[in-house]
Amino acid sequence: MGTSYSWHPGARGLRSRWPITPALLPDELLSSWLVRAALAHGCSPESLTSTAWPGYRAFCRDIDRGMENGRLSALVKATGITYRELSSSTLQSAVQSLLGTENQYPVGVLPWILVLGCRKQFHAGGLQCCPDCMDLPDPHYVIQNRLAWHTVCPAHHVQLIDHCDHCYAALQPALLHPGALMSNCHQCGKGLSSFHRLPAAPQALAFQMLVDRSCGKPMCFGNIELCFRDWMSTARAMITFLQTAARHPSANVERFCEAIGFDPAWRQRTLSGLPFEYLRPGERARLLGNVVVIMQAGPEKFMEMAINASLPESILPLPVSNAPRLLIHMASVLTKHPRKTTSQTCHKPSHDQRQVLRMWIRLQRRVRRNDI
Ligand SMILES: [Zn+2]
Ligand SMILES: [Zn+2]
Numbered sequence: 007m008g009t010s011y012s013w014h015p016g017a018r019g020l021r022s023r024w025p026i027t028p029a030l031l032p033d034e035l036l037s038s039w040l041v042r043a044a045l046a047h048g049c050s051p052e053s054l055t056s057t058a059w060p061g062y063r064a065f066c067r068d069i070d071r072g073m074e075n076g077r078l079s080a081l082v083k084a085t086g087i088t089y090r091e092l093s094s095s096t097l098q099s100a101v102q103s104l105l106g107t108e109n110q111y112p113v114g115v116l117p118w119i120l121v122l123g124c125r126k127q128f129h130a131g132g133l134q135c136c137p138d139c140m141d142l143p144d145p146h147y148v149i150q151n152r153l154a155w156h157t158v159c160p161a162h163h164v165q166l167i168d169h170c171d172h173c174y175a176a177l178q179p180a181l182l183h184p185g186a187l188m189s190n191c192h193q194c195g196k197g198l199s200s201f202h203r204l205p206a207a208p209q210a211l212a213f214q215m216l217v218d219r220s221c222g223k224p225m226c227f228g229n230i231e232l233c234f235r236d237w238m239s240t241a242r243a244m245i246t247f248l249q250t251a252a253r254h255p256s257a258n259v260e261r262f263c264e265a266i267g268f269d270p271a272w273r274q275r276t277l278s279g280l281p282f283e284y285l286r287p288g289e290r291a292r293l294l295g296n297v298v299v300i301m302q303a304g305p306e307k308f309m310e311m312a313i314n315a316s317l318p319e320s321i322l323p324l325p326v327s328n329a330p331r332l333l334i335h336m337a338s339v340l341t342k343h344p345r346k347t348t349s350q351t352c353h354k355p356s357h358d359q360r361q362v363l364r365m366w367i368r369l370q371r372r373v374r375r376n377d378i
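7 is the number of the first residue of the sequence shown in the working numbering; add one for each residue after it.
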């Protein structure tokens, strides 16, 4: 193939049963390749996959997270592409690097993997692309388009898109009709390459390139070297820290943010309150830009500034499993406040502007998924 790749080099099918089997392109996602194969046959992706998997509605679930061995073997027979090659076009390698899990099909929201939010055949989001890359020959979606630390295109220096800017539908190539192009919006037909471009956020690009360069290798948190999994787990905890700090503003939080060097407007721009893996590229980019600042400062500075600002331990929730020891130590130095009893808690119904905006963003996501 001769093209550079990060996750897999691509593949060609040998003795395929399907009349047309396009080559799996470097780093291409399994679902993207299936959609291109269907469009090449002039049929819908659902119709094509039903020939390999009768009665199985492949696109009503997140097949890029992996599937049972039997289903992948059926696809090997239909397409002539090997099991290993097909498996490498799923997110399994990325999940393995991030979690180190032996479980092939971990369930629930996985850190750093964008969530599609499937409800029947409709998705709420979770797939992104670069409008300029969609203008190239053979437009397709790659593994990087499902990784939450990817928010900008390193080749074209623009922010990634995850929705149609005309009809606001989430990108969902599996719903493209026969005759459509891979680079079209499935709902209104508008070309994704014609979308308005936003410039790449330099700090988010720096974070993205750092992680891509270091994937699987040790990385530095300040002056401390951590294994890749622990570094990513720490960076993910820092995102939760930033989101919690934004939701619970206080003079102490402001003091910490000023001391560590955040842009003073960062909190106003962190709105939705959804978990990071549900967020749109712009909001993720803003959070990652601040995570870079923390990861460069290192644990000593973080703890020193957090102690000076008397940040509460509740502001740094630990991952539910396999929290790095350094992160546990960092959380342990934060101020412990006695739990509030029910009688002390004041449940005032407050609906300030930020809360209403958060509720509005959640509602929009639900509406898109349910195709209302
Ligand atoms: Zn691009
Ligand atoms: Zn559209």
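No residue lacks a Cβ here, since even glycine has one placed at the ideal position from N, Cα and C.
Exposed or buried, what is residue i when buried is set at 16 or more other beta-carbons lying within 10 Å of its beta-carbon?
i      : result
GLU74  : exposed
ALA58  : buried
TYR284 : buried
GLY19  : buried
MET2   : Since the first and last residues shown for the chain are 7 and 378, residue 2 lies out of range.
MET365 : exposed
MET225 : buried
TYR147 : buried
GLY106 : exposed
LYS300 : One detail in the question is off: residue 300 reads as Ile in this sequence, not Lys. Buried is the call here.
HIS353 : Because HIS353 sits at a pLDDT of 48, beneath the cut-off of 50, its placement in the model cannot be relied upon, and the point is left open.
SER95  : buried
GLU264 : exposed
VAL101 : buried
GLN350 : Per-residue confidence for GLN350 stands at a pLDDT of 48, beneath the threshold of 50, marking its modelled position as unreliable; no derived number is given.
THR348 : Confidence at THR348 is low in this model, with a pLDDT of 49, below 50, so its placement is unreliable and the value that follows should be read with caution. Looking at its Cβ environment, which holds fewer than 16 other Cβ atoms inside 10 Å, THR348 is exposed.
ALA257 : exposed
CYS135 : buried
THR157 : buried
GLY114 : exposed
ILE334 : exposed
Any heavy atom of ligand 2 within a distance shorter than 6 Å of the CB on residue i?
i      : result
HIS183 : no
Pull up the DSSP beta-bridge partners for residue i, would you.
i      : result
PHE128 : ARG125
PHE234 : Answer is none; PHE234 lacks a bridge partner.
LEU153 : ILE119
CYS227 : A small fix is needed here, since residue 227 is Phe in this sequence, not Cys. ILE230.
ALA176 : HIS169
ALA17  : LEU30
GLY197 : ASN190
CYS135 : ILE167
PRO318 : THR341
VAL158 : GLN165
VAL148 : GLU34
PRO205 : VAL164
Under a CB-based cut-off of 7 Å, is residue i close to chain B?
i      : result
HIS162 : Given the protein chain composition of this structure (a single chain), no chain B is represented.
Self-check item: Check your reading: residues with Cβ closer than 7 Å to ligand 1 heavy atoms
Solution: CYS136, ASP138, CYS139, CYS159, ALA161, HIS162, VAL164
Quiz item: In chain order, what are the residues with a CB under 6 Å from some non-hydrogen atom of ligand 2?
Solution: CYS170, HIS172, CYS173, ALA175, CYS191, GLN193, CYS194, LYS196
Quiz item: Taking the runs of the alpha helix (DSSP H) that are 4 residues or longer, which of them lie wholly in the stretch 45 to 100?
Solution: Look at the stretch 45 to 100 and you find these whole runs of alpha helix (DSSP H), each 4 residues long or longer: 51 to 58, 75 to 85, 89 to 94.
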